[in-house]
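Number of protein chains: 4
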Amino acid sequence: MSRRTGDDSTTSAVEERAARRRDDRRAQIIRAAKQVFAEQGYTNASISQIIANAGIARGTFYLYFDSKRTVFDSILGEVVEGLTARISVIALDDTTLSPRGQVARNLQRVLAFLLEDRALSQLLLNPGLTPDAESAQQLDAFYERITLMLTASLDHGIRMGLVRSCDTALVAAALLGAIRGVTRQLLRNDETPHIEAVVDELLAFGWRGVVVEEAWD
Amino acid sequence: MSRRTGDDSTTSAVEERAARRRDDRRAQIIRAAKQVFAEQGYTNASISQIIANAGIARGTFYLYFDSKRTVFDSILGEVVEGLTARISVIALDDTTLSPRGQVARNLQRVLAFLLEDRALSQLLLNPGLTPDAESAQQLDAFYERITLMLTASLDHGIRMGLVRSCDTALVAAALLGAIRGVTRQLLRNDETPHIEAVVDELLAFGWRGVVVEEAWD
Amino acid sequence: MSRRTGDDSTTSAVEERAARRRDDRRAQIIRAAKQVFAEQGYTNASISQIIANAGIARGTFYLYFDSKRTVFDSILGEVVEGLTARISVIALDDTTLSPRGQVARNLQRVLAFLLEDRALSQLLLNPGLTPDAESAQQLDAFYERITLMLTASLDHGIRMGLVRSCDTALVAAALLGAIRGVTRQLLRNDETPHIEAVVDELLAFGWRGVVVEEAWD
Amino acid sequence: MSRRTGDDSTTSAVEERAARRRDDRRAQIIRAAKQVFAEQGYTNASISQIIANAGIARGTFYLYFDSKRTVFDSILGEVVEGLTARISVIALDDTTLSPRGQVARNLQRVLAFLLEDRALSQLLLNPGLTPDAESAQQLDAFYERITLMLTASLDHGIRMGLVRSCDTALVAAALLGAIRGVTRQLLRNDETPHIEAVVDELLAFGWRGVVVEEAWD
DNA sequence: AATGAATGAGGGTTCATTCAT
DNA sequence: CATGAATGAACCCTCATTCAT
Numbered sequence: 000m001s002r003r004t005g006d007d008s009t010t011s012a013v014e015e016r017a018a019r020r021r022d023d024r025r026a027q028i029i030r031a032a033k034q035v036f037a038e039q040g041y042t043n044a045s046i047s048q049i050i051a052n053a054g055i056a057r058g059t060f061y062l063y064f065d066s067k068r069t070v071f072d073s074i075l076g077e078v079v080e081g082l083t084a085r086i087s088v089i090a091l092d093d094t095t096l097s098p099r100g101q102v103a104r105n106l107q108r109v110l111a112f113l114l115e116d117r118a119l120s121q122l123l124l125n126p127g128l129t130p131d132a133e134s135a136q137q138l139d140a141f142y143e144r145i146t147l148m149l150t151a152s153l154d155h156g157i158r159m160g161l162v163r164s165c166d167t168a169l170v171a172a173a174l175l176g177a178i179r180g181v182t183r184q185l186l187r188n189d190e191t192p193h194i195e196a197v198v199d200e201l202l203a204f205g206w207r208g209v210v211v212e213e214a215w216d
Numbered sequence: 000m001s002r003r004t005g006d007d008s009t010t011s012a013v014e015e016r017a018a019r020r021r022d023d024r025r026a027q028i029i030r031a032a033k034q035v036f037a038e039q040g041y042t043n044a045s046i047s048q049i050i051a052n053a054g055i056a057r058g059t060f061y062l063y064f065d066s067k068r069t070v071f072d073s074i075l076g077e078v079v080e081g082l083t084a085r086i087s088v089i090a091l092d093d094t095t096l097s098p099r100g101q102v103a104r105n106l107q108r109v110l111a112f113l114l115e116d117r118a119l120s121q122l123l124l125n126p127g128l129t130p131d132a133e134s135a136q137q138l139d140a141f142y143e144r145i146t147l148m149l150t151a152s153l154d155h156g157i158r159m160g161l162v163r164s165c166d167t168a169l170v171a172a173a174l175l176g177a178i179r180g181v182t183r184q185l186l187r188n189d190e191t192p193h194i195e196a197v198v199d200e201l202l203a204f205g206w207r208g209v210v211v212e213e214a215w216d
Numbered sequence: 000m001s002r003r004t005g006d007d008s009t010t011s012a013v014e015e016r017a018a019r020r021r022d023d024r025r026a027q028i029i030r031a032a033k034q035v036f037a038e039q040g041y042t043n044a045s046i047s048q049i050i051a052n053a054g055i056a057r058g059t060f061y062l063y064f065d066s067k068r069t070v071f072d073s074i075l076g077e078v079v080e081g082l083t084a085r086i087s088v089i090a091l092d093d094t095t096l097s098p099r100g101q102v103a104r105n106l107q108r109v110l111a112f113l114l115e116d117r118a119l120s121q122l123l124l125n126p127g128l129t130p131d132a133e134s135a136q137q138l139d140a141f142y143e144r145i146t147l148m149l150t151a152s153l154d155h156g157i158r159m160g161l162v163r164s165c166d167t168a169l170v171a172a173a174l175l176g177a178i179r180g181v182t183r184q185l186l187r188n189d190e191t192p193h194i195e196a197v198v199d200e201l202l203a204f205g206w207r208g209v210v211v212e213e214a215w216d
Numbered sequence: 000m001s002r003r004t005g006d007d008s009t010t011s012a013v014e015e016r017a018a019r020r021r022d023d024r025r026a027q028i029i030r031a032a033k034q035v036f037a038e039q040g041y042t043n044a045s046i047s048q049i050i051a052n053a054g055i056a057r058g059t060f061y062l063y064f065d066s067k068r069t070v071f072d073s074i075l076g077e078v079v080e081g082l083t084a085r086i087s088v089i090a091l092d093d094t095t096l097s098p099r100g101q102v103a104r105n106l107q108r109v110l111a112f113l114l115e116d117r118a119l120s121q122l123l124l125n126p127g128l129t130p131d132a133e134s135a136q137q138l139d140a141f142y143e144r145i146t147l148m149l150t151a152s153l154d155h156g157i158r159m160g161l162v163r164s165c166d167t168a169l170v171a172a173a174l175l176g177a178i179r180g181v182t183r184q185l186l187r188n189d190e191t192p193h194i195e196a197v198v199d200e201l202l203a204f205g206w207r208g209v210v211v212e213e214a215w216d
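Residue numbers (numbering that gives the first Met the number 0), protein chains in the order written: chain B, 0 to 216; chain Y, 0 to 216; chain W, 0 to 216; chain E, 0 to 216.
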């Protein structure tokens, strides 16, 4: 069905522009939807609000997304993916950056990502804004993954004599909770904070809580 | 909406029985609604589900509550009130129980309360399950109150030389987050945990993170 | 959920009246829907038209039927069932009524049934008014059944020496078509016809065809 | 909408080619639409299906037809016209072909036309596949015309002593119905039948009915 | 006090039609 | 000529709320 009459074999300029416009529209809708979902939650949000927010007609929405649910899943996928991409596993044998430095870098990237798109963060922090139990589980699964990573790190740290002996699963939950709590706090205030300072403070809090003192710094 | 508090002496036995029946019904509906709200969130929950769960007729529901919203607010009020009642301000001059002991007692009471009614806890932990932004703010306000209490305590601790110097607002947010994180974890597992052990672990985590080491037991 | 307090074990008068009212409503909706479907066809018909025709509110419709489709199926089932019940197999050994008489009786009952509810008949005569191919096949299956019955009768008649040798399947289709054609004609005219006369004429046509024997080849 | 009929001499070759291309496109769309309408009925059919079937873009459709309705009317007109052209009035004074032969020839032409384009025939046989009551009446009017022709022929035949005395309107309806019934049957089966044999059988049925004369009353 | 049939505003979605490119 | 993105009216259905019994 695509035409191309006397053109060279690569994508023509016209097609390129069309593709860009299409992506723009999609992004525009996602932006609008994200905001509405973050404010109202999935169920309460209405297509009417989304399209009003995006400044498009009812039918246009369905040109870019199959359903209300589809946009939401797109958004949720985006945030989970975005975060996952910003977290790298701590390497204890890294000679260029200390474990604590690596954690700091992870935190910095994550916080920067979250503060950049507050609506997205609201969705991430509130599993209840989600369409249904199934969707909430997608988020839960993400958090579970993080918690397991943290638990494993703590376990490893204990074996290395760097971390004091403790119920690592519980402490991991507490650590993740602390990060979420601080993030929530940051989002509440409108001014963008000095991320490095926040990370330092957060690390100081976490470190002094879990470490065996003699073994560190 | 509940009658009789001052209870003038003319109340007959008949009236008393009627009032008790009324309160029972109310409680029955609240119980049913709480469960449905916790599972589905406010918007997704339907009156149909609530009355089916309560085993009453549609009209009966509206005999006891003005609207769907009203039940929810009742429930939310109940949980906030219940928690507030279980938290007492730390008294540094208390000679019978150390500050740490007082915090432990608070935590124990709060966790016991939450684990006792899991549906309630879900609502508390997920502001997104709430009817709207306004209602979510009621919860936020509660958390804000707790955070301010914690901040004040930390500030006081710093002045007394018990707590290391830090961004107390941020650390307070982290502490509250840690508690929420652990609670969430506890609710996920079905088995009821040994609360004292959890509190010990949580305290150890928080303490070692915020204290000036030399100054404490 | 059903109550009954101090009542006898059988259905109470109240319940009976409620059941009757319920059936009345259902019938009222079916009546309205039948008319709309007959005039517009399934797809073109709208719930708005049906409820306007029935004089009820939107929600009320869904109190009695799960969906637009459900009403339609109810109606289609009713007509197929009604017709099937009015057709009895011809018994050649019946001593009280000749085969031709039996056919006449069948035709009379069928025509009377159809003329009694013209909307129903429209649906029966026009498979195209149906929701989809699947639903149309339900009708087709009915006609197929009738055609097979006719074919079998003709085959039997040939073996008995009563019917001239012919392509019975084709003649059966012609016979059924003739009946449908006449019915269509009757429905077009508003006045209710003298059914017996119609049946006589139809039978004469089927039996003997149209010619005056002596005058032809 | 189609240009050039009187065809003034100034038409250039270029214009001619353009006109032909235009007609081709039109035919292509009609072909696609016919199929979709026959399968789904007017209302169920969507422009999307038609253009997908025709392999053209959305806008192109509206370059050739004003609306969905317009294509349908074109198609309906085509079939009615095609049939009308294939039916010639019976001439009793024709010395080269007997009346029965003339009827046979009519039937052959009609059946051949219908079997040639099954989609068209579906539309013809199912007034319910039509946009609305108004459109259905166009079809009805066609059938009415045929019925009147048949009635007139029968009346004439009676006056000539060739046809037995009967309710000619009713018998005409039966005859037309028989033809439609047989056609429907032929369309159901996929294999193309031997038309002459069918016509013979159909004529025999109409002429003589189904009985073996000696065996009855 | 209790019931449940009835209501109608509002939800998500589809689709014939238009128009800038 | 041809395209396909954009439009918005209209569709089917849900559900909080009311009210006669």
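Virtual Cβ for every residue (Gly too), placed ideally from N, Cα, C. Predicted model, so just to flag it, every value in this text is computed and none were measured.
Buried versus exposed call for residue i [16 or more other C-beta atoms within 10 Å across all chains shown]
i	result
Asp217(B)	Any answer about residue 217(B) is impossible in this case: the structure gives chain B only from 0 up to 216.
Arg19(Y)	exposed
Gln136(Y)	exposed
Asn43(Y)	buried
Gly54(B)	exposed
Val102(W)	buried
Ser152(W)	buried
Per-residue DSSP class, three states only, for residue i
i	result
Val109(Y)	helix
Val170(B)	helix
Val217(E)	Since the first residue shown for chain E is 0 and the last is 216, residue 217(E) is missing from the structure and cannot be characterised.
Thr4(B)	Unreliable placement is indicated for Thr4(B), whose pLDDT of 47 sits below 50; the coordinate value is still reported in the next sentence. Of the three classes helix, strand and coil, the one that applies to Thr4(B) here is coil, per DSSP.
Trp215(Y)	Here the model assigns Trp215(Y) a pLDDT of 47, short of 50, so the residue's position is not dependable and the matter cannot be decided.
Supposed contact pair residue j and residue i - C-beta distance, whole angstroms, cut 8 Å
i	j	result
Asp166(W)	Glu200(E)	5 Å
Ala177(E)	Ala173(W)	4 Å
Leu96(Y)	Arg179(Y)	25 Å between Cβ atoms; not a contact.
Ser134(B)	Thr182(B)	Ser134(B) to Thr182(B), Cβ: 21 Å. No contact.
Ser73(Y)	Ile29(Y)	6 Å
Cβ-Cβ distance between residue i and residue j below 8 Å
i	j	result
Leu122(Y)	Phe36(Y)	yes
Leu175(W)	Ile145(W)	yes
Met159(Y)	Leu91(Y)	yes
Leu114(W)	Leu185(W)	yes
Pro237(B)	Phe60(B)	What the structure shows of chain B is the stretch from 0 to 216, and residue 237(B) is not part of that stretch, so it cannot be assessed.
Arg68(Y)	Trp206(Y)	no
Val198(E)	Leu106(E)	yes
Gly40(B)	Gly58(Y)	no
Tyr63(B)	Arg108(B)	no
Gly156(E)	Phe204(W)	no
Ile50(Y)	Ala56(Y)	yes
Ala171(B)	Thr191(B)	no
Ala118(Y)	Lys33(Y)	yes
_Within 9 Å of chain B by C-beta, residues of the region 33-57 of chain Y in sequence order_ = Glu38, Gln39, Gly40, Tyr41, Thr42 and Asn43
*chain W contacts from the region 109-134 of chain E (Cβ-Cβ distance under 9 Å)*: Gln121, Leu122, Leu124, Asn125, Pro126, Gly127, Leu128, Thr129, Pro130, Asp131 and Ala132
*Pull out every residue of the region 12-29 of chain E whose Cβ sits closer than 7 Å to any Cβ of chain W, in chain order.*
none
_Residues within the region 166-183 of chain E neighbouring chain W, beta-carbon criterion of under 9 Å_ = Asp166, Ala168, Leu169, Val170, Ala171, Ala172, Ala173, Leu174, Leu175, Gly176, Ala177, Ile178, Arg179, Gly180, Val181, Thr182 and Arg183
_Which residues of the region 189-205 of chain B have a Cβ closer than 8 Å to any Cβ of chain Y? Give them in chain order._
Ala196, Val197, Glu200, Leu201, Ala203, Phe204 and Gly205
*Along the region 62-91 of chain B, what residues have a CB closer than 8 Å to any CB found in chain Y?*
none
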